[in-house]
Structure formats: C-alpha cells, structure tokens
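Protein chains in written order, with my numbering: chain X, 425 to 1035; chain A, 643 to 1320.
Down below is the structure, laid out as structure tokens.
Shown next, in the form of structure tokens:
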C-alpha cells in the first residue's frame, strides 16, 4: 500500500501501533549473529509452534549482550531470558506468557554478586548504555517496515523532504556536530555541504557497509536489526545534496544483512518511500544494494567507489575528493552505516538534542563491539567520552577468569593497543588519536595478561599486509618488511637493530602511504612499541616471551618421573629428536626438536609438556 | 593588474602558470623530484611516493597529487623526506631482480639511476627472488615480472592511451603483480604489440624482444648477403642514442653505421613507402569512384598494431583496410622477388633486415601472410634501440662516421615517403598523389595547395578534415593512437561522421613515437622528431611518390601496371578475423556415429552468465535419461556471435536464442526427440 503523504505516513504509524498493541505480549527473539549461531532460529520456531492467543513471537536484530545469548525478551514486561535453549520455550510460554510469572532459572545473574536481574533495563550491561543508532535493534522485526514506521520511522525523511530545504537539512546535520562513525571522524555535515555545493546534475550517495575490521560487527548488526534506519538516513543524505540515486556497498560475507537490506528496500519501494516523489514531495530517490567481494581495502572510500564502478578496488589519490568527483566522476558522499542510522534521529529530535549527548567535539554516541578476554562480550552503545574503564569494567564486567587487564586493542588493524595506565582515556575521536589509537569502526578487543603484545602486533600486521591493495610502495613493501621483522622477533631471531629498522619503516609507512589503510597500518606496532617496549626487548635480548605465548621460546620436556619408557614418543617423532632405552625415561634433543607436538600427543602418561 | 600568484619552494618564489600539479611546478623551479609512476601524458597515479614534499600546514604529501595554491610554502629537501625516499628505494630494490649487468635496461633503468643518485649502498631488507616466469611469447616484447616495481605506467598507457587494457594488476598486498588476465602470456591475449608499455616502463620489466643476435649471425655468415631497409623515423631519432638532440636528422649516418657493422647494402623504406602511396592511392581512387560506399572509408594498413586491432575488435571493417602491404612488407616482397636477381644472389642467401621504430613490425614480419615457403620476406626486425646497441658493441664512434648514401635501386625516395613516419603522413602522401592524379591540368610548378595539407598535421588525437581535390570533397580522419582510433570508429558507427579515408597510427605521434625509438619519447621529444621529418620533406627535390623515377622503373621492369595483376600479387595482401578463439569444442560423447544430431550449447561469457551451463546440464540429463547418448552429439561450444540473444543453442545447424531453463523440456521434446523420430 502506498504512503503518498505525511498524513498517510501518520495514519500508517497509528495503524501499526494499534496492531502491535493488540498483542498483549510480544516475544522478541534475538537473531543477531551470535544468537543465531547458538540456535535462535529453532527457538523462534518453538515459540511460533507454541503460539498463544494475543502473543506475537518475532525475530529481531542483535540485542547486544552476545555473551549470554541466545536472548529472548518479553514485552511489555521487559523480562529477558539468557542462554535460552529450544527446550526452554514450553516453560517460558507456560510460566511467563500464560501465567505472567518469571522463569527464575533463565534470568541473568551477575557472576560476582549472584544478583538476579529479570528486567533488561536493570542489567548493568544495559543500564549504562545510551542507544541511538541501536535504538531499534532488538526491538523490532527488521523484515517488517510497519514496525519501523510504528516507531516514528520515516518521520525524519518526511521532515527533510517536506519541511526543510536541502540546505536546511545540511545545516541541521552540521549543527549536530555528527562525525563519521566509520573511522576517520570527519564531520558529516561538512561532507554533505561540499557535495551540496559541488556542481553537477547527477550526484550520488553511497553507504559504506564494507565492515572489515576483525572484531567489529556493529554495522552488520544495524543492517540486520534495523535496515530501514540506514535507508532513511541515506535518503535524507540524498535529499540534502540533491542526489536521486544511492548505493549500499555491503560485503557479500554478510548474507543476512544483504537479504534484510534488499527486503527493506523492496518494502520501502512498495510503500512509495523510495521512488518518485517520495511522500508527495519533489524528491525522488532509489537505491541499489551492491555486494562487495570482501576486500578490506574496499572500505576505503575511493577504493569502494572503484569497486562499484566495476574496477579493481584500489584507492586513488585525493583530491579530487568524492564530494566533487566521486562515483562515475560525479559528486558523491560516502557515509558509514552507523552514521546514516544516526541521521534520522538527529532530524527527528533535533541537533540540540544530539549535542546533549557525548562531548563538545564528539557529540552523540558510539557503538563498540566488545570482544576478547572480557566477561560481557557484545555490542554496546555509549555516549562519546565514556572512559575506556567504564566500558571494560562497567559494561564489560572486567576481565574474565580473574586475570589482569593488559590492553585494549581499539579500532582494528588501524587502531592501537591502550595499556592499563590509559584506562581513563575518554572514548572520543580526539582523545584516542592523541593516545595513538583511533575510534575506527569501534572494534574493542580486551587483552589479558596472557597475551603477548608482540604477537598481537604481528597478527594485525599480517592482516594489513595481506589486505593491502598493493598500489603504493610504502604500504605494499613496507608492511611486508615490518611483518618479516615481527616474525623474526616472535621467533627469537631478531636483533636490536631490527627494532630500529622496524620503527623507521613504521614511520615511513605512516607518513607516506597513499590511503588511510597504509597510513594507519603501523598503529598496532607503534602503540605496542610505545606502551609495551619491554616485551619487544624481552623477545630480542632475553629470548623470552613475557606472556609465555610465543612457542619459539618454549620447548618440549619429558618428565622422567612420569615417563615409563614405552618408546611411543620416539616412534612418533618425525625429527628423530627423542632417544632413550625401553623402560627407561626418554630425552628430547632440543636442537633437533621441531616443536610439532607429536610426542606429547603420543604419550599415554602425560609425561611430555611444553614449557 | 593582477598580482602574480606564487608558491614558495625551498625559499624560492615560483609563479603558478597553469601547472597540472605541484610536482610540475617544483620541476619548473629546477628541482628534479624523482618519480617512477608519474607521466605527464597519463592520469596521476600517486603510488611510488618518491615525489613527497613537505607543505606548511599540510605535512608530508606526494606532490603529484596536490594542486599548487597561492601562498603555499613547500620544502623538497628535509631529513624526513630523504629518509622516506631512501626507504622506498630500498624497499623496491629488496624485491627487485638486481642482476643489473645482464639486464636489457642496464644503463637506462630509472630504478638503477635513482639508486645511484641516492647513493644506496646497502639494502637492509635483503634480496628476494620471486622466480616468476618470463614471458617471451611474442616476437615484439619480453615481460619479466621479477623486475616490475608496480608503478602501473604500462597499465595506464595500455588502458588510457591505447584503450586496450591487456595489462592490469592482480592479487593483493605483496603478492600484487601486473600482467595479462588469468596469468596468460601476451601472445594469448589481445595485445597488439605496439610496445608503448615497454616505452614507458622505468625498469627492465617490459623490454623489446631483441633480434640483435640473429642479425649478427647473418652478418657473420659468409654465404649471406645482408640487406637492410631503414624506416623514415629512424633517421630523426638514432642520434639521440649518441647524445644528439631529438630531431637531429642524419640519414647518411644511419647508412654509414649499418655498413660499418657489416650490413652489405642499405636501402630506404621511404622508397617502398612511395610504392605504397602509389598503390594505395590507386586503390583509394578506385573505391571512391566505384559508386558504392561499401569499402569506404578506406583505412590505412601500414601500422601492424592497428591491423591486429581491426582483426581483433572490428573484423567487420577488414574489407575497409587497404589491401596494400605496409612499406616494410613491400620492401620484403620486392627484395625477395627481384633484388636477388638484380644482385645475382640466390634468394635464400639474401638476408633481409628491417630497422624500424616499432615493436609491432617484428610481429608483422613474422605473420604467415608475409612468408613464402616458410621463409619470411623480412628475416629480422631491429628497432632503433637495437641498432644503437649493435653500433656500440662494435665500438664505432658514431660521430666520426662519414656520411653514406642509400644504395640503389631502392635508395631514392620522395618527401612523401619521408613523412610516413609522422602521424598524418600517410594521409598527406596519398592526398598529394590524389591531387596530382585528379588535377584537371598539369603544371610544371606544383602549387603548394597540392603539396602541403596542414589539416592532417599536428599531435592531436583525432584530426578531421575535408579536403577539396580537383573539385572532389575528400573527407578524412587521422587517428593518432589506438584510443583515438576507437573514437574515430565510434563516430563512424554512430553516424556522427562520414569519412572517405582514415589514417591510423597506433603510437602517439606516429612511427616517430614508436616503442622501438630511443628513450625518453615524451611529447616534447616527439614534437622535435615530427618537425625534423617535415623539414627533411621540404628539402627534397621530389615530394610526390609517383614522381619517384625508381618506382616507375620498378613498375616497368617487374610490376607492370599500377594496381595491376603482377603488382597485386606482390604488393597486396588480406587479413582475417581474430575475434574469437576458433575451433574449440568440448565433446561429451566419444564414439563417432554418422547421422547424429548436432547439438551445441554456447558457454561463452554472455551465454554462460545467462545460464547456458544449466541448459547444458539439463539437456545432458534428458539425453541420458532417454538413452539417446549415441544419437545426439551434445557439446559445449564458444560463441555464435549472437550474444544479444544469449543463451544460445545450436540444434542441427539452426540457432535458437533466449532459451530459458523452463524451455528445456520443450526444446528437448520438439527439437531434439522429434527430429530423431523423423
């Protein structure tokens, strides 16, 4: 059914709200990536099988608290169940949906205090979050445009298309101080202003949904949980700059996100919220969902544009900036998913409201994908300026297993590792940059004392080296040599000279690379060198890995008191490094040992270990 | 009065005068910032990062990617910039096959030059040998990926100037390479062997396939009478190899040099260029007067890269190509047929060497159209660069060489033959001849209007003109590069333009900008060579090809009438399509039974993308299910040239297009089973 005017949009919102209110209870089953992997689909089917009158069971996007998934929330009671299994469904239906009582055994309990939290809003993980970009995630069925409209969806587009001039839309976003959530933090309004002022009949808007940082999954969750907010944000951007065509460039490895974005676009088109003369205005706009093949560098905007154009995804020098010469040579803006999902809220609630959240230079909220050695892994959204400590120890619940916090790796391969003494760093663009890291897309990996920081640097350098497009010399060749030196260090073969060379190439790569991938690639190395230099030195000088991770510094040992002298290890050893007589304890010749571990596997008495 | 806008470069105020970028401004200021990937005639690539500068408030940037802004304060020589440039050089060297002594580019390599300039003595990252295979598949070029520094110059010249794009990047990170698609060799892709990639390559990654050793062998063979022909563009460029300014015209030196290295006789390709003009003009006037536009416009066919281009991409225009052999091959033809007789040498003992500015000429000489009984008319093709190398090898002092004349009978030529080396030269030579042949009255003094056709001169990409020749309007176009040729063809196809004659030279500037010419060969150099050839032309007594008395004599003694039967058999040829890989069918049934129904499913790109593979599978299933495998010859095939109706199936000789999966049952029942029942 077409929605041809603002009145019709209002009427639809009313009708959808009435329909939803008719359901006395709603069961919201999280089908985010984590919960889905743990059987959420089956749980949803079980709820639908046990259908009770006036109860709607629906799939939603990510609820955020992935650690305790699969998650099920029941509204309007705000009751949330954790670690739900399909066989729990019957009990939930019987107890909560029919009798209105809580299933105590499925309620979240704090690991330390043992306190039970039946309501989601009271769980510490959620209590200190502020949801803007994620406000609909987990609350609505992403495949139903009605639920989005019922929650004031497309009202912001109505305002942009009917009440405001394109310049006023730009002004509103400019006034909000919104900065790009994809990494660099460039003011979104300024980008729009440049593209608005650029001359050209044909302009384009592009949504950068090529999320590729290891450990980041917020864009995926937004697209899977609230695809219409991205579409609406993109349409508003198009209105602002005078574009009638948009692209959403999403990696093909996100099949659910692709399907939901496509479905959302189809629904919006059917309702007339995409297409000609949207809501009866003079604004026409449509989108194409473009699937990328998954190269990390295609998240860089000029490489992304090349990829849409059907060329090899390689960055090109800027200027000219895409705002002047972008897709197919036309003025183009490229915004990240989270940025665009925030835009409708700004248009609906005003720039002043947005500025009440966050800091002066970084207003609003930021989502972080919290992973690693932390108690509460998941997707969180906090006001900009929240300290790292609050996220790790407050929302995140601290390091698991009672271990000591060592570092937070923030911003993925472009970011850096922040040590304990920087736990009070506010999470905003400027503070993080000062600390040598960056917000990036918001991946936040918590590392405990059992992590080798040199190995972390090596891991990320391996990532950027293989994902470099190979165009400019510093990035292509420099990262390769940095990786080689890091490999030498973890293998215990490096000298202090190598460390000097490593630092110098890191500096050259950072200063002289063509695009942001190269310019930020040395960050994991530079920050670990800055904050954990002793670990590097220990590998090189003392031939030791302080965290006890790097296998080069370990050897297999046969414990004579446990060894029965059966000879199995000797037979298993491919390097003939083990000697000994039958029924007498055997010995390993460290010089010959290849550390393959075959002996330890073969030993039936647990007499061989790596130390 | 407007104030002069300036940029401060290393403390020096430098005026902005429309420079394309800061790099050009810095170079104008007399500072030669090093680059690998910057070419003024190609798009800005910004990959080598050697041209980094430090700009106040901007920091370190690559100057090729920055627009000069008034008031900018730029430093080009700081400690940090030096560290960056040196490190980049070291990084490149670490990955580079550093066997400089045996490299074709030794002494002319940009990487070698900069390593010397920067005094790189130690490469801290060692040396890696990827051991990638070297591509010697074409007679024109050698591609050694182990020496590639991935500056992308070849990729851009092939894609942007020639608009062919046989080279591109593949793989990522340090695995990145440049090469033809799917790791194929150059001979197996659409490369026209123009060699412009080699011409811009800063290292030895793409070089000319050398014929030097073959020529030495012939020279030192006492049985062999070695005769050489020298193309017009050589005489205005060879001097550059020995320190002379571009455009220094020295035909007598070239002859003397060839003689001194042991070539027995030296002839002038300009002579056979005159022969070409005579034949081609006759052909053109015949086409023009035939009353039909079927074979118009007439395309020139002197440029072998262009001929291959037509064969590959526009076989529908093959009939438009002039059937005249190129001057090189006309020389080969008359030398092999008549010269031996003249000189009293057995034809098999006559060794014909060409000295050409061109790599594609090597490909042309090897074409089977230009061989008789397996022996090519032209035995070996040397480029200007290779000739220079042979001269240097002998130790002969080029400057001290006396001047020598070309040998007869193929040593006298006209100005028209000389300008063949310039873009627009062939068109102008033909116009000169046509103007004379069509002129109503013959005059002793030739009016300038019948000699000089400014319209076709110059280095623009596409030159168009309408020339009035004795009351006939002749519409012509000159394409200066294959990219320009593509544009001319577009104009023809869209109906935007109608031409009677079209000249195409694949290399920018024409043959004087050929890939075999000395390096560098940029726009300024090409301008000087072009002017030199026009100067040579004006100094000639004879400036029209049919005035050449030796050409007349050749017709009288051997060739008979212009355009006649004898001339045709010696001087004309024909070309064929190279559009598709021919004859590749994939059979699914082995036994040959007569009377099988032939069913071919196209699995070419377009049909495949439209699901032809599913059709093939569906048909295989049904054929097997109905026990018809011995009665149906089902095979996959490539392209029926009906791509707009893809997917296509050919059943018993008739092609059916737009077949969908839903149609399979119908096709099988009505067109396959029904026929078998008949």
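Cβ coordinates follow ideal geometry from the N, Cα and C atoms, glycine included.
A quick note: this is a predicted structure, and the numbers were derived from the prediction, not measured.
Quick check on the burial criterion: 16 or more other C-beta atoms within 10 angstroms. Buried or exposed for residue i?
{"i": "residue 956/A", "result": "buried"}
{"i": "residue 1252/A", "result": "buried"}
{"i": "residue 685/X", "result": "buried"}
{"i": "residue 884/X", "result": "buried"}
{"i": "residue 644/X", "result": "buried"}
{"i": "residue 769/X", "result": "buried"}
{"i": "residue 1225/A", "result": "Unreliable positioning characterises residue 1225/A in this predicted model, as indicated by a pLDDT of 44, which lies under 50. The coordinate reading is nonetheless provided below. Residue 1225/A should be labelled exposed."}
{"i": "residue 1006/X", "result": "exposed"}
{"i": "residue 975/A", "result": "buried"}
{"i": "residue 643/A", "result": "Its pLDDT being 46, under 50, residue 643/A is placed unreliably by the model, and the measurement read from it follows with that caveat. Residue 643/A comes out exposed."}
{"i": "residue 1140/A", "result": "exposed"}
{"i": "residue 979/X", "result": "exposed"}
{"i": "residue 937/X", "result": "buried"}
{"i": "residue 855/A", "result": "exposed"}
Restricting to Cα atoms, I'd like to know which of the options is closest to residue i.
{"i": "residue 1322/A", "options": "1191/A, 1299/A, 875/A", "result": "This structure leaves residue 1322/A out entirely; chain A is present only between 643 and 1320."}
{"i": "residue 1198/A", "options": "816/A, 1179/A, 917/A", "result": "917/A"}
{"i": "residue 415/X", "options": "1025/X, 1020/X, 1031/X", "result": "For chain X, the structure presents residues 425 to 1035; residue 415/X sits outside this window and is missing."}
{"i": "residue 1261/A", "options": "1250/A, 1063/A, 1303/A", "result": "1303/A"}
{"i": "residue 1096/A", "options": "1112/A, 1064/A, 1124/A, 970/A", "result": "1064/A"}
{"i": "residue 895/A", "options": "998/A, 1044/A, 1035/A, 769/A", "result": "1044/A"}
{"i": "residue 576/X", "options": "772/X, 696/X, 789/X", "result": "772/X"}
{"i": "residue 1010/A", "options": "672/A, 1218/A, 944/A", "result": "1218/A"}
{"i": "residue 1004/X", "options": "989/X, 650/X, 735/X, 703/X", "result": "989/X"}
{"i": "residue 780/A", "options": "760/A, 841/A, 852/A", "result": "852/A"}
{"i": "residue 1012/A", "options": "1050/A, 946/A, 1029/A", "result": "946/A"}
{"i": "residue 505/X", "options": "453/X, 639/X, 555/X", "result": "453/X"}
{"i": "residue 1029/X", "options": "993/X, 561/X, 1019/X", "result": "993/X"}
{"i": "residue 934/X", "options": "925/X, 944/X, 926/X, 927/X", "result": "944/X"}
{"i": "residue 621/X", "options": "877/X, 591/X, 448/X", "result": "591/X"}
{"i": "residue 785/A", "options": "763/A, 838/A, 1298/A", "result": "838/A"}
{"i": "residue 736/A", "options": "718/A, 765/A, 719/A, 1186/A", "result": "765/A"}
{"i": "residue 717/X", "options": "705/X, 732/X, 726/X", "result": "732/X"}
Return yes when the C-beta of residue i is under 7 Å from any heavy atom of the ligand SAH, and no when it is not.
{"i": "residue 684/A", "result": "Of the ligands one can find in the structure shown there are none, so the ligand SAH has no counterpart to examine."}
Are the Cβ atoms of residue i and residue j separated by less than 8 Å?
{"i": "residue 873/A", "j": "residue 835/A", "result": "no"}
{"i": "residue 994/A", "j": "residue 1019/A", "result": "yes"}
{"i": "residue 657/X", "j": "residue 765/X", "result": "yes"}
{"i": "residue 834/X", "j": "residue 856/X", "result": "yes"}
{"i": "residue 972/A", "j": "residue 1213/A", "result": "yes"}
With which residues is residue i paired in a DSSP beta bridge?
{"i": "residue 907/A", "result": "869/A"}
{"i": "residue 1018/A", "result": "1013/A"}
{"i": "residue 1025/A", "result": "998/A"}
{"i": "residue 1242/A", "result": "1277/A, 1292/A"}
{"i": "residue 543/X", "result": "503/X"}
{"i": "residue 1119/A", "result": "1106/A, 1144/A"}
{"i": "residue 1149/A", "result": "DSSP output for residue 1149/A lists no bridge partner at all."}
{"i": "residue 628/X", "result": "669/X, 756/X"}
{"i": "residue 1011/X", "result": "1003/X"}
Counting only Cβ-Cβ distances shorter than 9 Å, please list the residues of the segment 1244–1277 of chain A near chain X, keeping chain order. none
Output, in sequence order along the chain, the residues in the segment 758–782 of chain A whose CB is closer than 8 Å to any CB in chain X. 766, 767
Output needed in chain order: residues of the segment 887–913 of chain X with a Cβ under 7 Å from some Cβ in chain A. 889, 890, 891, 892, 893, 894, 895, 896, 897, 898, 900, 901, 902, 904, 905
Along the segment 805–831 of chain A, what residues have a CB closer than 9 Å to any CB found in chain X? 810, 811, 812, 813, 814, 815, 816, 817, 818, 819
Check distances from the C-beta atoms of the segment 684–697 of chain A to those of chain X and list, in chain order, the residues that come in under 7 Å. 686, 688, 689, 690, 691, 694
Contact list for the segment 882–908 of chain A against chain X, Cβ threshold 7 Å: none
Name, going along the chain, the residues of the segment 692–719 of chain X whose beta-carbon falls closer than 9 Å to a beta-carbon of chain A. 719
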